[in-house]
Structure formats: structure tokens, C-alpha cells
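Peer 1: Numbering (full-length UniProt numbering), first residue to last: 1 to 180.
Backbone N, C-alpha and C fix where the C-beta goes; we use that ideal spot for every residue, glycine too.
Just so it is clear, the structure is predicted and the values come from calculations on it, not from any experiment.
(1) With residue 179 and residue 158 assumed to form a contact (beta carbons below 8 Å), what rounded beta-carbon distance in angstroms separates them?
(2) Out of 168, 176, 153, state which residue places its alpha-carbon closest to the alpha-carbon of residue 15.
(3) Counting Cβ pairs, one atom from each stretch, are 3 or more of them under 8 Å apart for the segment 13-33 and the segment 54-63?
(4) Would you give the residue range spanned by the alpha helix (DSSP H) that residue 65 belongs to?
(5) If distances are taken between C-alpha atoms only, which option among 80, 39, 12, 43 comes closest to residue 136?
(6) Could you pull the DSSP bridge partners for residue 76 from this structure?
(7) Near residue 114, which residues of its chain fall below 6 Å by C-beta distance, leaving aside the five closest residues on each side in sequence?
(8) Shortest alpha-carbon distance to residue 96 belongs to which of 73, 111, 104, 88?
(9) Are the CB atoms of residue 43 and residue 130 within a distance shorter than 8 Å?
(10) In whole angstroms, what is the alpha-carbon distance linking residue 144 and residue 58?
(11) Using DSSP's beta-bridge definition, name the partner residues of residue 157.
(12) What residue does the beta strand (DSSP E) around residue 37 start on, and which one ends it?
(13) What residue from 1, 90, 147, 2 has the CA that sits closest to residue 124's CA?
(14) Between residue 46 and residue 78, which are expected to be in contact by the criterion C-beta below 8 Å, what is the C-beta distance as a whole number of angstroms?
(15) According to the Cβ coordinates, are residue 87 and residue 132 closer than 8 Å?
(16) Taking the beta carbon of residue 69 as the centre, do at least 16 other beta carbons fall within 10 Å, making it buried, or is it exposed?
(17) For the beta strand (DSSP E) holding residue 129, just list the boundary residues, first then last.
(18) Go to residue 3, then tell me how far its beta strand (DSSP E) extends in each direction, as first and last residue.
And the structure:
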């Protein structure tokens, strides 16, 4: 099964993000806007994990998460990977308490549990809003979206999420653990 660890923002914050991007959703050729119920902040992607590895993965993730305090965060601004001029992913960034130590712990726990495909890139905490198969200039869209800041929120738990590849793409939270 295809798994990742994530923070799930509260509904009221997702409402704010949705209001900010709604006027642009579906209006930029080549951009796919995933359904709101799939929005999350990825801490670590584990790829295909065999069913037999799930109990050990859950144990290791529970231990890793318990070592960290809840994070006080918000979403702010818009950007694109790899760059606004050559973007494939439109996002809003997560600011506030840094999540990189939590992400590093989660990924280390997954490696110890045998999750072969962990992403070793340093975390750039964000919420993906749209994707493109080909690079495109997203600067006009980012400029049109203007400044943005969500209400602050507390990230208090980490979810282990299973991807059900679509269509439609669907995510299922298999387990969650409270942060310190």
C-alpha cells in the first residue's frame, strides 16, 4: 500500500485557503486542482509499503511523534515548485513553528520500520493546491492570488495516510498520533 505521514489542517483554515484560490480554480490551462478533501501537509512519503510492515511502521511512527510538541503554524503566501517561472506545483507555505525536526523523526522511524522509499529532501512545509504535468509560468497566477495569510492553527497530530490512486484520488487516514 502507498503511504505517507501528514498534518491535516482544520476545516476553518481550509475554508480560508479555498476562498483565496476559488476564483482561479479551473481557469489556468494545464493546472489540475485536487479535491479539497485531499489537502494535507506531507511530512514524509514512504511509497509502497507491504502490509506485513504496517504494525512496525505504526509503532515507530508513534514513538517518533511522541517526542515532539504540537506546532503553532499558519499558511502564508503562494509559490511554485521548482520555481514560479517553471512551476509544476502551486502551493501555499506553512509558517510558524518549524516542522523539519518532526519530519526528520517521522522519516527516520519509517526507515527503521523498513519503508524503503523515504524522501531525504529537507522539508519545505506547504499545502499543494494545483499540479501541472508540464512546467509553466505560474508568476501571473501567483501575482493575481496576491498576499495571503490564514488564521493560525495548532498542528496537534500526525496521520499515517494511505493513497488510493484514482480516479478519483482518495486518501484514507489509517492511524494518527498526538504530538507531545
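Peer 2: Result, derived from the coordinates:
(1) 7 Å
(2) 153
(3) no
(4) For residue 65, the uninterrupted alpha helix (DSSP H) segment begins and ends at 54-66.
(5) Ranked by how close their Cα comes to the Cα of residue 136, the residues 80, 39, 12, 43 have 80 in first place.
(6) Beta-bridge pairing by DSSP links residue 76 to 93, 149.
(7) Cβ neighbours of residue 114 beyond the five flanking positions: 53.
(8) Relative to the Cα of residue 96, the nearest Cα in the group 73, 111, 104, 88 belongs to 73.
(9) no
(10) 42 Å
(11) 178
(12) No beta strand (DSSP E) contains residue 37, which DSSP labels as neither H nor E.
(13) 90
(14) Residue 46 to residue 78, Cβ: 28 Å. No contact.
(15) yes
(16) exposed
(17) 126-136
(18) Its beta strand (DSSP E) spans residues 2-7.
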